[in-house]
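So that you can map any letter, position 381 of the sequence shown is 633 in my numbering, and since no number is skipped, the others follow by simple counting. In this text, a Cβ means the ideal position worked out from N, Cα and C, and glycines have one as well. Bear in mind the structure is a predicted one, so any value in this text is a computation, not a measurement. To keep things clear, I will list the structure first and then write my remarks on it.
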Amino acid sequence: MSLVVYNTLTREKERFTTIEPGKVRMYVCGPTVYDEAHVGHAMSSIVFDFIRRYLEYKGYQVRHVMNFTDVDDKIITRAARTGEDPAEIASRYTEKYKQQLEQLNVLRPAVFPRVSQTISEIIQMVAGLLEEDHAYLVPGGDVYFRVRSDPDYGKLSRRRLEEAVAGTRVAASEQKESEGDFALWKAAKPGEPSWDSPWGQGRPGWHIECSAMNLLHLGEQIDIHGGGNDLIFPHHENEIAQSESFTGKAFARYWIHNGMLELKGEKMSKSLGNLVTIDEFLAGHDADVLRVVIAGSGYRKPLAFNDEVVASAERGLERLRSALRPSPGAVVSGPVAEALAEQVAAGRVAFETALDDDFNTAAALAALFDLVRAINTARDAGVGGEPFGAAQATYQALADVLGLRLAAGPVGDRSIGPFVELLLSVRSDLRKARQWALADRVRDGLKGLGVIVEDGPQGSTWRLG
Numbered sequence: 253m254s255l256v257v258y259n260t261l262t263r264e265k266e267r268f269t270t271i272e273p274g275k276v277r278m279y280v281c282g283p284t285v286y287d288e289a290h291v292g293h294a295m296s297s298i299v300f301d302f303i304r305r306y307l308e309y310k311g312y313q314v315r316h317v318m319n320f321t322d323v324d325d326k327i328i329t330r331a332a333r334t335g336e337d338p339a340e341i342a343s344r345y346t347e348k349y350k351q352q353l354e355q356l357n358v359l360r361p362a363v364f365p366r367v368s369q370t371i372s373e374i375i376q377m378v379a380g381l382l383e384e385d386h387a388y389l390v391p392g393g394d395v396y397f398r399v400r401s402d403p404d405y406g407k408l409s410r411r412r413l414e415e416a417v418a419g420t421r422v423a424a425s426e427q428k429e430s431e432g433d434f435a436l437w438k439a440a441k442p443g444e445p446s447w448d449s450p451w452g453q454g455r456p457g458w459h460i461e462c463s464a465m466n467l468l469h470l471g472e473q474i475d476i477h478g479g480g481n482d483l484i485f486p487h488h489e490n491e492i493a494q495s496e497s498f499t500g501k502a503f504a505r506y507w508i509h510n511g512m513l514e515l516k517g518e519k520m521s522k523s524l525g526n527l528v529t530i531d532e533f534l535a536g537h538d539a540d541v542l543r544v545v546i547a548g549s550g551y552r553k554p555l556a557f558n559d560e561v562v563a564s565a566e567r568g569l570e571r572l573r574s575a576l577r578p579s580p581g582a583v584v585s586g587p588v589a590e591a592l593a594e595q596v597a598a599g600r601v602a603f604e605t606a607l608d609d610d611f612n613t614a615a616a617l618a619a620l621f622d623l624v625r626a627i628n629t630a631r632d633a634g635v636g637g638e639p640f641g642a643a644q645a646t647y648q649a650l651a652d653v654l655g656l657r658l659a660a661g662p663v664g665d666r667s668i669g670p671f672v673e674l675l676l677s678v679r680s681d682l683r684k685a686r687q688w689a690l691a692d693r694v695r696d697g698l699k700g701l702g703v704i705v706e707d708g709p710q711g712s713t714w715r716l717g
């Protein structure tokens, strides 16, 4: 089966082909670095890590670029509140996110461009858009993109121009020709970072930044542009308008968007304050747990994030790890060894078929669990030696496509999961037997060890206190 990809631009699954045979140019919008990154940011990075890993598994050379927005209103606001230098805030959180990507086993992109390092290219692009009348300068030094100059505007979000204008959250300005026009260059304001330009001191608008970084590091046309589906409008719509107006060429062949990670029914975001930071999650869980959570859901769907989902992923991870236990068996031929080889071959096909269907990681994960069952059954039947080792090697290679290390965590918080689950199972039996005092003793004992047990309609869950 050939790889098919859902393209937000066409709203259809399409056979995947690249501009240059065997090579993929992929740009993914990274975070705005003004505060601690949360697991919603991690979700986007992990989704596109799944995609990159599978493309490389299929033999493609992937040039992956992920930017950091280090010049932005949110950073400026944070700096004004704390009294820090905006550049220092952005640099601190940029470096921290890079470290967190390593902890999450996300393959390092070829380039981590930053807005502050791309100013000259942004200015050149704005100048080109002005020259072709796709943009205009207003008194005071602001430069706006003329949305009505692009007859295809709205093709990604499927909004007509009037709807797009109505959907903007930018306040109407008497200086703008149309309310839907958006800033390419913002004139300097006191206390804000700014750079020299032909239009005076100022800084870039949000959307032009990614267009310029794409052009600099990947060229006029790319294969994949990715990001969260909250960026479809206006950010990605405006990127298309700028880039295609500047080059006269189709910008990205495939637009791929991940769904949002939700906590208590709302998108996880800094502005809403309903978030779990990456540091908080990794303090109590292995990075593989988050990968299992994300892989278990279709990447385009919203993902409900809660204690039950995480606990289920913890249990799933232990099952996945169980397939890597050594076998003391000596059976290397015969029906059971042959059956294992056949099941592993079928598992590989099922795994690849799943990911060929728009990177269906949920089905791929199910194929891994089938392999776990086959390997553990073979071990119990005495299979060992080369056939068993070959099965484990194939299994490990497929797990690596999902970025799963499957290594047991170090002694400490991350290694207590199986023991807590065992105690909760015993406690559940005690509760069923109406042995309330003993059940409470287990709960209180765990609390004394820093483990908080919470009882709910779906059973008991736990977290580190």
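Per-residue burial, residue i [other beta carbons within 10 Å of its own, 16 or more giving buried]
i           : result
residue 662 : Reliability of the predicted coordinates at residue 662 is poor, the pLDDT of 44 falling under 50, and the value obtained from them is presented with this limitation in mind. Residue 662 is exposed by the Cβ-count criterion.
residue 196 : The structure shown has nothing for residue 196, since the chain only spans 253 to 717.
residue 671 : exposed
residue 601 : exposed
residue 372 : exposed
residue 318 : buried
residue 205 : In the structure as shown, the chain begins at 253 and stops at 717. Residue 205 is therefore absent and cannot be evaluated.
residue 559 : exposed
residue 370 : buried
residue 686 : exposed
residue 616 : buried
Residue range of the beta strand (DSSP E) that includes residue i
i           : result
residue 317 : 313-318
residue 583 : Per DSSP, residue 583 belongs to no beta strand (DSSP E) and is neither H nor E.
residue 506 : 504-510
residue 551 : Run containing residue 551: none; DSSP gives neither H nor E here.
residue 476 : 474-480
residue 387 : 387-389
residue 275 : 275-280
residue 455 : 454-456
residue 399 : Element bounds for residue 399: n/a, residue is neither H nor E.
Other residues of its chain near residue i: CB distance less than 7 Å, five sequence neighbours each side excluded
i           : result
residue 309 : 653
residue 259 : 266, 506 and 507
residue 526 : 515, 516, 518 and 520
residue 678 : 694
residue 419 : Note on residue 419: pLDDT 49, under 50, position unreliable in the model; the coordinate value appears next. Once the five neighbours on either side are set aside, the close Cβ partners of residue 419 are 411 and 485.
residue 675 : 694 and 698
residue 480 : 296, 509, 510 and 512
Minimum C-alpha distance to residue i - residue among the options
i           : options               : result
residue 533 : 518, 557 and 510      : 557
residue 299 : 272, 357 and 339      : 357
residue 483 : 465, 496 and 507      : 507
residue 368 : 495, 314, 330 and 457 : 457
residue 380 : 495, 314, 454 and 297 : 495
residue 360 : 393, 278 and 644      : 278
residue 398 : 430, 412, 377 and 376 : 430
residue 476 : 432, 303 and 621      : 303
residue 378 : 461, 562 and 688      : 461
residue 296 : 503, 442, 273 and 550 : 550
residue 597 : 256, 643 and 565      : 643
residue 531 : 355, 328, 261 and 509 : 355
residue 592 : 562, 649, 641 and 554 : 641
residue 608 : 432, 263 and 268      : 268
Cut-off 6 Å between Cβ atoms - residues of its own chain near residue i, not counting five sequence neighbours on either side
i           : result
residue 705 : 695, 698, 712 and 714
residue 623 : 599 and 647
residue 284 : 321, 324 and 326
residue 316 : 278, 304, 361 and 362
residue 552 : 511
Range of the contiguous alpha helix (DSSP H) that encloses residue i
i           : result
residue 345 : 338-355
residue 642 : 637-653
residue 718 : Summary: the structure shown does not reach residue 718, with the chain confined to residues 253 through 717, and so no result is reported for it.
residue 688 : 688-700
residue 520 : Here residue 520 belongs to no alpha helix (DSSP H), and DSSP marks it neither H nor E.
residue 441 : Neither: residue 441 is in no alpha helix (DSSP H) and is coded neither H nor E.
residue 299 : 291-309
residue 706 : First-last for residue 706: 703-708, but that is the beta strand (DSSP E), not the alpha helix (DSSP H).
residue 378 : 371-383
residue 257 : Counting along the chain, residue 257 falls outside any alpha helix (DSSP H), though it belongs to the beta strand (DSSP E) covering 256-259.
residue 558 : Premise fails: residue 558 is in no alpha helix (DSSP H) and is neither H nor E.
8 Å Cβ cutoff, residue i in contact with chain B
i           : result
residue 446 : No chain B appears in this structure, which consists of one protein chain only.
Residue i beta carbon near the ligand NAP (any heavy atom closer than 7 Å)
i           : result
residue 713 : No copy of the ligand NAP occurs in the structure displayed, which carries no ligand at all.
Own chain partners of residue i with C-beta closer than 8 Å, once the 5 adjacent residues on each side are dropped
i           : result
residue 334 : 341
residue 612 : 550 and 606
residue 330 : 286, 287, 336, 338 and 341
residue 631 : 577, 579, 581 and 640
residue 528 : 290, 291, 515, 520 and 557
Is it a yes or a no for the region 532-551 touching the region 624-634, going by three-plus beta-carbon pairs under 8 Å?
no
Do three or more CB pairs link the region 333-350 to the region 277-290 at distances below 8 Å?
yes
Counting beta carbon pairs with one atom in the region 633-650 and one in the region 576-584, are three or more of them shorter than 8 Å?
yes
Taking 8 Å as the cut-off, does the region 466-477 touch the region 434-448 (at least 3 CB pairs, one atom from each stretch)?
no
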